[in-house]
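> Residue numbers (our numbering): 123 to 399. Idealized CB from N, CA, C, for every residue including glycine.
Here's what the structure looks like:
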């Protein structure tokens with residue numbers, strides 16, 4: 123398969139799955155195996171297209187980001203889900219720091235272990251199943267809602283979401299799945315949990331991608347520019363559409379359909395691995 127086709131496929135996979143509770147890392151590892159696209163170059167490519175997905179979310183949440191940085195406050199003029207995430211001054215940088223710090227610290231400490239032992243197809247399949255179970259628990263055991271909007275989140279709830287986010291250090295578990303389900307268990311509404319999950323994804327993914335890119339930049343060559351640029355652009359466009367669509371549908375769909383999808387994907391891919399072993 124040509125490099126450009128592989129780039130487009132992986133860009134679509136990243137854009138569709140990065141912010142859905144299905145695990146983008148897990149999908150990239152599994153599709154990479156199907157496409158025969160593995161190794162150092164594949165690892166670096168995944169970092170580049172993740173940056174494309176991050177940019178998409180930064181575009182959607184630019185007003186909120188601008189406000190968090192202290193430049194000005196912006197209030198929403200309508201009630202749609204993603205605009206409501208931009209309104210009000212109550213959410214601040216401390217909420218974001220509390221939600222990001224646990225996973226950043228633990229990820230740095232366990233980086234070598236995770237890379238060495240948790241990036242195989244079988245561990246990803248285990249992560250898909252465990253993450254799906256956790257999402258069903260979050261939906262079934264949702265606490266009484268104390269924060270209906272993102273600006274109503276307490277510091278304690280932000281920290282709890284951050285602790286739940288540590289579960290996503292296991293590839294296949296899903297960062298958005300862990301944080302949204304964790305938010306529900308912490309008394310945060312679906313809308314607020316989803317908006318907060320997407321917002322904290324920006325510093326989390328920039329930190330993780332930046333760290334990985336610094337470690338693997340020497341694998342890049344000028345001949346890879348077109349290949350990497352294609353994946354970046356495709357990931358950005360697809361992620362932009364996926365995030366807006368998901369924000370509009372989550373309160374109706376809930377988490378269960380995504381959990382069941384994860385179970386089916388794990389079963390199908392396990393059968394494939396056993397058949398091709």
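Going by DSSP in three states, residue 310 sits in which element: helix, strand or coil?
Counting from 1 along the chain shown, the entry for residue 310 is found at position 188. It is a strand residue.
> Which residues bound the alpha helix (DSSP H) around residue 160?
Reading the chain shown from its first residue, position 38 is the one you call residue 160. Run containing residue 160: none; DSSP gives neither H nor E here.
> At 4 residues or longer, and completely inside the region 317 to 368: list those alpha helix (DSSP H) runs for me, N to C.
Correct list: empty.
> Quick check on residue 265: does DSSP put it in helix, strand or coil?
For the purposes of this step, residue 265 is identified with residue 143 of the chain shown, where counting begins at 1. Coil, per DSSP.
> Between the region 145 to 158 and the region 249 to 263, do at least 3 Cβ pairs fall closer than 8 angstroms?
Flag = yes, the region 145 to 158 and the region 249 to 263 touch.
> Leaving aside the five residues before and after residue 135 along the sequence, list all residues of the same chain whose C-beta is less than 7 angstroms from its C-beta, in chain order.
Numbered from 1 along the chain shown, position 13 holds the residue referred to as residue 135. These residues qualify, in order along the chain: 149, 150 and 153.
> What are the boundary residues of the alpha helix (DSSP H) that includes residue 222?
In the chain shown, the residue the question calls residue 222 occupies position 100. Run containing residue 222: 215 to 231, per the alpha helix (DSSP H) assignment.
> Restricting to Cα atoms, I'd like to know which of 321, 349 and 180 is closest to residue 126.
Counting from 1 along the chain shown, the entry for residue 126 is found at position 4. Selected option, being the one with the closest Cα: 349.
> Taking all protein chains shown into account, decide if residue 143 is buried (16 or more other Cβ within 10 angstroms of its Cβ) or exposed.
Counted from its first residue, the chain shown places residue 143 at position 21. Buried is the call here.
> Whole angstroms are fine: how far does the CA of residue 226 sit from the CA of residue 233?
The sequence position of residue 233 within the chain shown is 111, counting from 1. The sequence position of residue 226 within the chain shown is 104, counting from 1. One C-alpha to the other measures close to 10 angstroms.
> Could you say if the region 163 to 181 and the region 319 to 336 meet the contact criterion of at least three C-beta pairs nearer than 8 angstroms?
At 8 angstroms Cβ cutoff, the stretches touch.
> How many Å lie between residue 307 and residue 283 at the Cα?
Position 185 of the chain shown, counted from the start, is the residue given in the question as residue 307. Position 161 of the chain shown, counted from the start, is the residue given in the question as residue 283. About 9 angstroms.
> Return the first residue and the last residue of the alpha helix (DSSP H) that residue 385 is part of.
Start at 1 with the first residue of the chain shown, and residue 385 comes out as number 263. Unbroken alpha helix (DSSP H) run through residue 385: 378 to 398.
> CB-CB under 7 angstroms to residue 200, same chain, minus the five flanking residues each way: which ones, in chain order?
Taking the first residue of the chain shown as 1, we reach residue 200 at position 78. With a pLDDT of only 42 at residue 200, under 50, the local geometry of the prediction cannot be trusted, and the value read off the model is given with reservation. Cβ within range, chain order: n/a, list empty.
> Would you kindly work out how many angstroms separate the C-alpha atoms of residue 351 and residue 266, rounded to a whole number?
Numbered from its first residue, the chain shown carries residue 351 at position 229. Numbered from its first residue, the chain shown carries residue 266 at position 144. About 45 angstroms.
> Considering only their Cβ atoms, is the gap separating residue 372 from residue 280 smaller than 9 angstroms?
The count along the chain shown starts at 1 and reaches residue 280 at position 158. The count along the chain shown starts at 1 and reaches residue 372 at position 250. Not a contact, by the Cβ cut-off of 9 angstroms.
> Considering only residues of the same chain and omitting the five flanking positions on each side of residue 277, which have a CB-CB separation below 7 angstroms?
For this step, residue 277 is matched to residue 155 along the chain shown. Hits under 7 angstroms: 216, 217 and 220.
> In whole angstroms, what separates the C-alpha of residue 304 from that of residue 345?
As a first step, residue 304 is located in the chain shown; it is residue number 182 there, counting from the start. As a first step, residue 345 is located in the chain shown; it is residue number 223 there, counting from the start. Rounded to the nearest angstrom, the two C-alpha atoms are 43 angstroms apart.
> According to DSSP, is residue 167 part of a helix, a strand, or is it coil?
As a working note, residue 167 is residue 45 in the chain shown. Residue 167 falls in the helix class under three-state DSSP.
> According to DSSP, is residue 293 part of a helix, a strand, or is it coil?
What you label residue 293 is simply residue 171 of the chain shown in a count that begins at 1. It is coil, neither helix nor strand.
> Quick check on residue 304: does DSSP put it in helix, strand or coil?
Sequence index remark: in the chain shown, residue 304 carries index 182 (1-based). In the structure shown, residue 304 sits in a helix (DSSP, three-state: H, G or I).
> Under DSSP, the alpha helix (DSSP H) around residue 286 begins and ends at which residues?
As a first step, residue 286 is located in the chain shown; it is residue number 164 there, counting from the start. Its alpha helix (DSSP H) spans residues 277 to 287.
> For residue 243, which residues from the same chain have a beta carbon less than 8 angstroms from its beta carbon, with the 5 sequence-adjacent residues on both sides left out?
Locating residue 243 in the chain shown gives position 121, where the first residue counts as 1. So the qualifying residues of the chain are 151, 152, 155, 391 and 395.
> Is residue 287 closer than 9 angstroms to residue 224 when the C-beta atoms are compared?
For the purposes of this step, residue 224 is taken as residue 102 along the chain shown, with counting starting at 1. For the purposes of this step, residue 287 is taken as residue 165 along the chain shown, with counting starting at 1. Against a cut-off of 9 angstroms, the Cβ pair of residue 287 and residue 224 comes out as a contact.
> With a CB to CB cut of under 6 angstroms and the five nearest residues on each side skipped, what residues in its chain are close to residue 294?
Counting from one through the chain shown, the residue named residue 294 turns up at place 172. Same-chain partners within the cutoff: 145, 148, 246, 249 and 250.
> Excluding five sequence neighbours on each side, which residues of the same chain lie with their C-beta closer than 7 angstroms to the C-beta of residue 180?
Reading the chain shown from its first residue, position 58 is the one you call residue 180. The residues are 187 and 324.
> Looking only at C-alpha atoms, which of 231, 258, 214 and 343 sits nearest to residue 330?
Along the chain shown, one-based indexing puts residue 330 at 208. Among 231, 258, 214 and 343, the Cα nearest to that of residue 330 is on 231.
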